[in-house]
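**Q** Chains as they are written, first to last, in our numbering: chain G, 914 to 1008; chain S, 47 to 454; chain U, 14 to 339.
Below you'll find the structure I mean.
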Amino acid sequence: MSRELKGWKDIPIAGVCWKPATEYLTGDWKTFKPIHDPEKCTKCLLCSLICPDSAIKWNQANEELMFDYDFCKGCGICANECPADAIKMVREGEG
Amino acid sequence: MAITQQKTLAINGDEAVALAVKQSDVDVVAAYPITPQTIIVERFSEYVADGEVETEFVCTESEHSALTACLAASAMGARTFTASASAGLALMHEILYVTSGCRAPVVMAIVNRALSAPINIHCDHSDSMVERDSGWIQIYAENSQETYDSIIQAFRIAEHLKVLLPIMVCLDAFVLSHTLENVQVLADETVQKFVGLRDVPQVMGHEGREVPFKLDPSNPITMGPLDLYDYYFEHKRQQEEAMKVAPQIIQEVHEEFSQISGRKYGNGLIDAYHLEDADIATVCVGSTAGTTKTVVDRLRKEGVKAGLLRLRTFRPLPLTDIVKTMENVKAVAVMDRSNSFGGHGGPIYHEIRHSLYDSPTHPHVVNYIYGLGGRDMPPAIILNIYKDLQEILKTKRVKRDVQFAGVR
Amino acid sequence: MTTTPWKFTAKEIVEKPELFTSGHRACAGCGPAIALRQIMKATRGPTIVTSATGCMEVVSTIYPYTAWKVPFIHTAFENVAANASGIEAALKVMKRKGRLEHENVDVIAFAGDGGTFDIGIQALSGAAERGHDFLYILYDNEAYMNTGIQRSGGTPHGASTTTSPAGRVIPGKPQYKKPIADIMVAHDIPYVATASISSWQDLLVKTRKGLEIEGPAFMHVFTPCPRGWRYDPSKTIEIARLGVETCIFPLWETIDGEYSLSPQSKILALKPERKKKVTEYLKMQRRFRHLFKPEFKHVIDEIQQMVDKRWNRLLKRCNMTQASQS
Ligand SMILES: Cc1ncc(C[n+]2csc(CCOP(=O)(O)OP(=O)(O)O)c2C)c(N)n1
Ligand code: SF4
Ligand code: SF4
Ligand code: SF4
Ligand SMILES: [Mg+2]
């Protein structure tokens, strides 16, 4: 992630932040990645509620779950908790 | 602007502070009592109990929390005030840096008192001097009148959009805090008009737009983040810049205040007494200047070209003013009411010597540590200091550069 | 005061905007991050958040980035309750002076166990006594994680940390966990609750209660930490659930000092046979691994005894008695 470093005249005072964390992608931290099986999924939404990184998005329009691999850190909590066994963790690059 | 109607009240320094705060339309006062600052908190509590102020008064469980609450309220855009002394200020130490780093313009009265151990409730400047590098502006008052005036000015200086730094207004324990003095006070409306409403600047936030520099749910900002080696230094550089701008603002506010009050303290930064043609001079802060002026008067009558430099503003250090007013002085004695253990002299000495290093006259500069724990500083001792300076002038030799005045 | 109706259905919650966003740098599977995300989903309107130093402050605000969509301030480690006091005082006076744009602004202060049980308890106690209107969230990961897993007053008996290491002679932390939530109840504040990230709905409801109640509210949230507790990150919720099921971390609340058990713990009071043994919980975490050596087995018994003692005391406070315990 390239970053331009600004001088003291060009940044807000007092350490006020000027970038949203959503511009910092954490997706490359993972070694395992969750693979969702829509067939098995009951759309209970539990996985989306408990993901520490808000990486499982609920698309209201088409009522579908979307895994955001830009932020997913591959913790595997979603897979561990899914009551329908609809999420599998696979090694990055193998899924 | 014309000088306005004023009342004369016989009050002590602490009461003068409480009154100035009452008149300055302060939003949040959070404080914790400690001798000799207690009267400030007590008087203010009475104003609250009697419904004389709209201020939210938070009587915290410690000084650490008192300053924290002021800092957080200040981050909300509120005008805030606290007061402390000695151990209380020492307990705040951590938050002093956080306050200046957060650019929160908190105003604080410090009733200068010795630090433990042994415990001592009387005056010296150890408590505030040790905090000189904490990023706060420091103003030392000579008397209760100046204390009153300085508190009012402090809100304008601290909250100035180019400054946004917290301020300590320091007054000497008991000599000022508990001693009745005739203090001229302005009308409430006059003070309120002078201080005005607090404003905040615009800053670039994380949503890609300029937003007010305060915690505002309509325009969220994040304050107090983890700042690593990539930007911390830049933020500290910004603070130094604010300190560079501050002298001009201090002088402007001081000048503007003089127009409604008729009172001036030198140029707001330094108060020079008979320095124009002085050969020898002392330097000090606080109430000792009063006694010293009487000694200077006496010496002048005897034909001795003696002078006094009182630093009103110690932070930021008015370096160029110091050099300029001391242009003709050949021997200088700095009187420090605190010690820098093992540092060869007190803090003011270090800074005056440092200031005068580049002065063309390159005067002799010596140091007297005095008055620790409330030890009296009578005119006779001050007179001896001037005598020593005359000796230096004559022999062009310094026998002892750092001495203790008044110790057995 | 405007309050949005409580509709904490899964759907409603996932559709609510994230106020604590992705891109924070908590470890994978971080329990406290789950808690904060869910808590922010239970807010009811304009909210200001303040935090103590610790993992969650650090990972959410690495300059120039911020994961906060609400106004956020951190000042130091031991003073978050004083931050909240100052913010609340400012809100009050600004409202009185007609300078507050919003009809109501909620204040949430959060800190870890170090910032609450230990160094922050003075400021917390003072703020509670003064009665400021704010919700204090203690996210309990049972050690000073940000500085490298040192013990705190919230670290449980027997746990190995870097300052209470499991040695040849001393098997982890000798002392027991401070009953911090009961200490807060003793302050006679209007609302105190315990919650766990294993019961998201309960956590959200309690958050909302804490925000709506006027005066200080305190919530102790059980938030396992894969790094400090040394378990696989996928087990965070599972371990939190086991904490509740073993009664190591029972769920309850007090409204005006009256204790009541929350559903997940109440069921264990009614059906004691469902209460699990502490070993089931301990064996999943490597911070307790040494306790399974023969010479330290007695520590597990001690833990079980203390858990039972505190559980029975809680049942009494909730006017429930354990039917029979095998
Ligand atoms: C006055 C002070 N002492 C010590 C520290 C160092 N420190 C920073 S965070 C922390 C531990 C935080 O522990 P906890 O509150 O449990 O939060 P966690 O990191 O576990 O989330 C410590 C000791 C500090 N920042 N300030
Ligand atoms: S937890 Fe499992 S079943 Fe429920 S929504 Fe997620 S993937 Fe589908
Ligand atoms: S693996 Fe972890 S981070 Fe990734 S989607 Fe599942 S719960 Fe979220
Ligand atoms: S150390 Fe623990 S609490 Fe801290 S970020 Fe990592 S998982 Fe979260
Ligand atoms: Mg912790």
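Heads up, the beta-carbon is just placed ideally off N, CA and C, and yes, glycines get one too.
In this text, all values refer to a predicted model and were calculated from it rather than measured experimentally.
(1) Could you pull out every residue in the same chain whose Cβ sits closer than 7 Å to the Cβ of Ser-211(U), ignoring the five residues on either side in sequence?
(2) Distance cutoff 8 Å, beta carbons only. Does Ile-918(G) sit that close to anything in chain U?
(3) Does the count of Cβ pairs from the region 90 to 105 of chain U and the region 146 to 158 of chain U closer than 8 Å reach three?
(4) Taking Asp-195(S) as part of the beta strand (DSSP E), name the residues at either end of that continuous run.
(5) By Cβ distance below 6 Å, which residues in the same chain neighbour Ile-57(S) in space, the five residues on each side in sequence not counted?
(6) Residues of chain G with a CB under 8 Å from the CB of Gly-42(U): which are they?
(7) DSSP has Pro-258(S) in a bridge; who is on the other side?
(8) Relative to the alpha-carbon of Tyr-319(S), which residue among Thr-340(S), Ser-304(S), Asp-96(S), Ala-426(S) has its alpha-carbon at the smallest distance?
(9) Based on Cα-Cα distance, which residue from Glu-92(S), Arg-149(S), Arg-89(S) lies nearest to Leu-117(S)?
(10) Show which residues of chain B have a CB atom less than 9 Å away from the CB atom of Tyr-275(S).
(11) Three or more beta-carbon pairs under 8 Å between the region 258 to 265 of chain S and the region 83 to 90 of chain U, yes or no?
(12) Name, please, each residue of chain U whose Cβ falls closer than 8 Å to the Cβ of Asn-993(G).
(13) Spatial neighbours of Ile-49(S) within its chain, please: C-beta separation below 6 Å, excluding the five flanking residues on both sides.
(14) I need the straight-line Cα distance from Thr-267(U) to Asn-332(U), nearest angstrom please.
(15) Measure the C-alpha to C-alpha separation of Val-215(S) and Val-157(S) and round it to an integer number of angstroms.
(16) State the DSSP-derived secondary structure class of Met-158(U), mapped to helix, strand or coil.
(17) Here's the rule I'm using: 16 or more other beta-carbon atoms within 10 Å means buried, otherwise exposed. How should Asp-314(U) be labelled?
(18) Given that Gln-18(S) touches chain G, what residues does it touch there, using C-beta distances under 7 Å?
(19) Residues of the region 23 to 38 of chain U in Cβ contact with chain G at a cutoff of 9 Å, in chain order, please.
(20) For the 8 Å Cβ check, are there 3 or more pairs between the region 445 to 452 of chain S and the region 35 to 48 of chain U?
(21) CA-CA distance, Thr-207(U) and Lys-191(U)?
(22) Over what stretch of residues does the beta strand (DSSP E) that includes Ile-156(S) continue unbroken?
(23) Which of helix, strand or coil does DSSP assign to Cys-988(G)?
(24) How would you list, in chain order, the residues of chain G whose beta-carbon sits under 7 Å from the beta-carbon of Ala-80(U)?
(25) Is any heavy atom in ligand 6 found nearer than 7 Å to the beta carbon of Asn-96(U)?
(26) Does at least one heavy atom of ligand 5 sit under 7 Å from the Cβ of Tyr-149(U)?
(27) What's the C-alpha gap between Glu-91(U) and Leu-402(S)?
(28) Based on Cα-Cα distance, which residue from Arg-323(U), Gly-241(U), Leu-216(U), Pro-229(U) lies nearest to Ile-963(G)?
(29) How about Gly-1006(G): is its C-beta nearer than 8 Å to some C-beta of chain U?
(30) Compute the distance between the beta-carbons of Phe-130(U) and Met-69(U), then report whether it is under 8 Å.
(31) Among Ile-306(S), Ala-377(S), Asp-170(S), Ala-292(S), which residue has its Cα nearest to the Cα of Ile-438(S)?
(32) With 7 Å as the limit, tell me which residues of the region 118 to 129 of chain S have their beta carbon closer than that to any beta carbon of chain G; keep them in chain order.
(33) Quickly, what does DSSP pair Cys-216(S) with across the bridge? List them, please.
(34) Leaving out five residues before and five after Tyr-194(S) in sequence, what residues of the same chain have Cβ atoms less than 6 Å from its Cβ?
(35) Is any beta-carbon of chain U found at less than 8 Å from that of Cys-954(G)?
(36) Report the three-state DSSP secondary structure of Thr-168(U) (helix, strand or coil).
**A** The structure says:
(1) Ile-250, Ala-253, Arg-254, Val-257
(2) Before going further, note that residue 918(G) is Leu rather than Ile in the sequence given. Not an interface residue.
(3) yes
(4) First-last for Asp-195(S): 190 to 205, but that is the alpha helix (DSSP H), not the beta strand (DSSP E).
(5) Val-229
(6) Pro-965, Lys-986, Cys-988, Gly-989, Ile-990
(7) Gln-248(S)
(8) Thr-340(S)
(9) Arg-149(S)
(10) In summary, chain B is missing from the structure at hand, where the protein chains are G, S and U.
(11) yes
(12) Ser-247, Lys-248, Ile-250, Glu-251
(13) Gly-308
(14) 13 Å
(15) 8 Å
(16) coil
(17) exposed
(18) It is not possible to answer for residue 18(S), since the shown part of chain S is limited to 47 through 454.
(19) Ala-23, Lys-24, Ile-26, Val-27, Glu-28, Glu-31, Phe-33, Thr-34, Ser-35, Gly-36, His-37, Arg-38
(20) no
(21) 14 Å
(22) 153 to 158
(23) coil
(24) Ala-934
(25) As presented, the structure is devoid of ligand 6, carrying ligand 1, ligand 2, ligand 3, ligand 4 and ligand 5 as its sole ligands.
(26) no
(27) 43 Å
(28) Leu-216(U)
(29) no
(30) no
(31) Ala-377(S)
(32) none
(33) Ile-156(S), Tyr-186(S)
(34) Ala-62, Ala-66, Val-229
(35) no
(36) coil
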